[in-house]
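Comments concern the structure below.
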Amino acid sequence: MRHNSNDSNSSNDLIIPEYLLKKFPFIQTLIVYSNLIMKSKYDFTFLNIILNNMFRNLSTEERGFRYEDAVRQFATSLYILGGRTAYEFIRVNIPAFLPTVRIIQSFIAASDNHLTEGLFNYEKASDYFNSIQSTIGFIAEDTTAVVSKVTYDTTSNKFIGFALPLDNNGFPIANSYSTESFSCLEEWYSSVPRAKSLNAYLIQPLSSSANNTSPYLLSAYGTDNKYESSDVISRWHHIHQKFKAKGIRILGFSTDCDSRYLHAMRASLGFFSTFAYDDHPDLFSIDLPRTWSWFFMQHEQLYICFQDPVHICTKLRNRILSETTHLLLGNQLITIEPLLYMINNYSKFDHALVRSDIYPKDRQNYSSAAKISSNNVLNLLQRIPNSLGINIYLQVCKKNMSKKHEMTSLSIFLKDKFLNYFGKNC
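Residue numbers 1 to 426, in this note's numbering, belong to the letters of the sequence shown in order.
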């Protein structure tokens, strides 16, 4: 095959052997659409790096394969996000593309981002804030159930999987389970409870110069969920003070609906509770409208806090699925029967529901909560008898979902409202 360039000089023509085109027909496609590709809005830099790296590797033995930094970074992300099985599936089916799992694991172990269980990495978080020129942050905390298992971390020389004890400030004691004594390990196995949950802290920078900043993982640790609301308040206050010392103002905390966290929120905000931070030097003022006599909140706060809208929506959905709970709205019973009637008597094109949306196996499945409270479902419920209760209930769910999508607007408001103030007073 002869490919003519735009230049009239025939010496610039490229001749491609026919056997090569038969083996790699995509080359002919690439040439045919070359003009469109050159004018495309997409960036093919990474694709070019991948192909060059692959064909260089194919020219040598497997033990001599080398990988560009961009390919290593992509492979690491794929391994972390997709897992080992997905990674191996792609690596085996696309030869010379990805490094072996052993190479990726060594690459991850050699990085500076090793996470130590129970350690709150204020230094690295501060460096991240400085790199994006941000001085304001918002912290989210969440706990998820895990399979109890004890493993040995060779990097930190610690055993991971035991529930970490808490200190006087409510923080996990990071170096609690490091030993070289087998009898000590046996004693831990017989007397120390295993971690049933994983608690994680993320900090989200708020910056006027970077609208799409990623959160930073501040800490993660195993817990047996044995703590008090006083531990939460002490921990939040200590985190606030630690970041203040580094020139970063923590504007607030977000978490789920656990009763201990709710009590900590009430005490922190002075909401029908004794305010935890009277006369604190870092309080900022909140100008509430005078007509909001129904809104019980202190006009001065150290930080604000609220429940995560995603958790609220899934818990509302789970409540109507409960077999032991009966909800009434006036004389209307709030039940899922109208939704089942809708699935059986209306086209799926009208509501997009399936039975697994109403009976999800994953009780934290947010997408099913979003589907059963969609506008199409709410409109169809108006045609179904005895559906007023579930209709109003799902409208409440939808209102909470709108709060999730308004978080970007909240971040913009906080940046515009407080950035200059905190920059001067932190």
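C-beta: ideal position from N, C-alpha, C; glycine also.
> Looking at C-beta atoms only, is the number of pairs between the stretch 190-199 and the stretch 124-137 that lie closer than 8 Å three or more?
Replying inline: no
>> Tell me the rounded alpha-carbon separation between Q133 and D357.
In response: 43 Å
> So F171 packs on H238, CB below 8 Å; how close in whole Å?
Replying inline: 7 Å
>> Given 7 Å as the limit, tell me if I90 has its C-beta closer than that to any heavy atom belonging to the ligand FAD.
In response: The ligand FAD is not among the ligands present in this structure, which contains no ligands whatsoever.
> Can you tell which of A352, H351 and S368 has the C-alpha that lies nearest to the C-alpha of Y359?
Replying inline: Ranking A352, H351 and S368 by Cα distance to Y359 puts S368 first.
>> Suppose the cutoff is 7 Å on Cβ atoms and the five residues either side in sequence are ignored; what does the same chain contact list for N9 look like?
In response: Only weak support exists for where N9 lies, its pLDDT of 49 falling under 50; the value from the coordinates is given anyway. Here N9 has no same chain residue with a Cβ atom under 7 Å from its own Cβ, once five neighbours each way along the sequence are excluded.
> If you scan the stretch 311-346 from start to end, which runs of the beta strand (DSSP E) of 3 or more residues do you find wholly inside it?
Replying inline: 327-329 and 332-334
>> Buried or exposed, going by whether 16 or more other CB atoms sit within 10 Å of the CB of S178?
In response: exposed
>> Strictly by DSSP, which residues pair up with I160?
In response: T151
>> Comparing C-alpha positions only, which one of R235, E141, K39 and Y79 sits nearest to D167?
In response: Out of R235, E141, K39 and Y79, R235 has the C-alpha closest to the C-alpha of D167.
>> Just list the residues that DSSP pairs D142 with in beta bridges.
In response: A200
> In or out: L251 buried (at least 16 other Cβ within 10 Å) or exposed?
Replying inline: That one is buried.
> How about T116 and A174: are their beta carbons less than 8 Å apart?
Replying inline: Note that the C-beta distance between T116 and A174 is below 8 Å.
>> Within 8 Å, do at least three Cβ pairs link the stretch 336-343 to the stretch 381-392?
In response: yes
> If we count the other Cβ atoms within 10 Å of its Cβ and call it buried at 16 or more, is I80 buried or exposed?
Replying inline: exposed
> In chain order, which continuous runs of the alpha helix (DSSP H) of length 4 or greater are located wholly inside the stretch 21-94?
Replying inline: 26-32, 34-38, 45-58 and 69-93
> From what residue to what residue does the alpha helix (DSSP H) around L288 run?
Replying inline: Neither: L288 is in no alpha helix (DSSP H) and is coded neither H nor E.
> CB D256 to CB H311, shorter than 8 Å?
Replying inline: yes
> Is it the case that the Cβ atoms of I104 and A75 are separated by a distance below 8 Å?
Replying inline: yes
> Would E228 be called buried (16 or more neighbouring beta carbons within 10 Å of its own) or exposed?
Replying inline: With fewer than 16 other beta carbons inside 10 angstroms of its own, E228 counts as exposed.
>> Assuming contact is defined by CB atoms lying nearer than 8 Å, are T151 and I160 in contact in what I supplied?
In response: yes
> Around the Cβ of M428, are there at least 16 other Cβ atoms within 10 angstroms (buried) or fewer (exposed)?
Replying inline: The displayed coordinates of the chain run from 1 to 426. Any statement about residue 428 would go beyond what the structure contains.
> What span of residues does the alpha helix (DSSP H) with I250 cover, start to end?
Replying inline: No alpha helix (DSSP H) contains I250, which is instead part of the beta strand (DSSP E) from R249 to T255.
> Taking just the CA atoms, how far does F44 sit from T408?
Replying inline: Model confidence at T408 stands at a pLDDT of 42, short of 50, so the residue's coordinates are unreliable and nothing is read from them.
> Of the choices P309, K361, I384 and K348, whose alpha-carbon is the least far from that of C397?
Replying inline: If we check each option's Cα against that of C397, P309 comes out closest.
> Shortest alpha-carbon distance to G222 belongs to which of T274, F162, I108 and S273?
Replying inline: Of T274, F162, I108 and S273, the residue nearest in Cα terms is F162.
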